[in-house]
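Inspection log for the structure reproduced underneath, given as C-alpha cells.
In our numbering, the protein residues as written are 5 to 131.
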C-alpha cells in the first residue's frame, strides 16, 4: 500500500488495514494516523495469514492483529472501541478552550498540513 494509495482511501469504506512491510514512521502509517484509520504495518506474511472471510481485529494503538477472535475478545474490543469513541467526544469539547499556561501565558497550538486531508483534520480539530 503506497502513501498515495493510503491518501486516497475513503474513510467511510475502510475500517483498517494491515501490511507485510513498513514501519511506524513509514509514509503509509503516518497517512493512516492522519486519516484516523487503524493500521498495523510491517506484519511479515500477514497477507498470506489472513484469508478472505476472516474476521480481523486491528488494534492500531497497541499494534495487535487478531485473526478470527473468540466472542469474548470481540466483546472486549467492542467495549474498548466504545470507550475510545467516548474519549474522543470528550476531547472535542476542549477544541474551543483557550490554550493558556498556569501562569497565564497564551500558547499557540498549530497543525502540520501536507495535504488536503491534513487541512480537513486540522480544521476539524479546532485549527
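Every residue, glycine too, gets a C-beta built ideally from N, C-alpha and C.
Look at the alpha carbon of residue i and the alpha carbon of residue j, and state the distance between them as a whole number of angstroms.
i           : j           : result
residue 103 : residue 110 : 6 Å
residue 128 : residue 74  : 36 Å
residue 108 : residue 96  : 23 Å
residue 122 : residue 41  : 13 Å
residue 52  : residue 105 : 51 Å
residue 17  : residue 37  : 16 Å
residue 80  : residue 19  : 18 Å
residue 21  : residue 101 : 34 Å
residue 124 : residue 30  : 21 Å
residue 116 : residue 131 : 10 Å
residue 47  : residue 5   : 13 Å
residue 26  : residue 118 : 20 Å
residue 13  : residue 35  : 10 Å
residue 86  : residue 65  : 14 Å
residue 78  : residue 8   : 32 Å
residue 57  : residue 72  : 9 Å
residue 32  : residue 120 : 16 Å
Which residues mark the beginning and the end of the beta strand (DSSP E) in which residue i is found?
i         : result
residue 4 : Outside the displayed range of the chain (5 to 131) lies residue 4, so it cannot be described from this structure.
Using the three-state DSSP reduction, which class does residue i fall into: helix, strand or coil?
i           : result
residue 58  : coil
residue 50  : helix
residue 113 : coil
residue 63  : strand
residue 104 : strand
residue 8   : helix
residue 122 : helix
In terms of residues, what are the limits of the alpha helix (DSSP H) holding residue i?
i          : result
residue 93 : 75 to 96
residue 37 : 31 to 38
Pull up the DSSP beta-bridge partners for residue i, would you.
i          : result
residue 44 : 22
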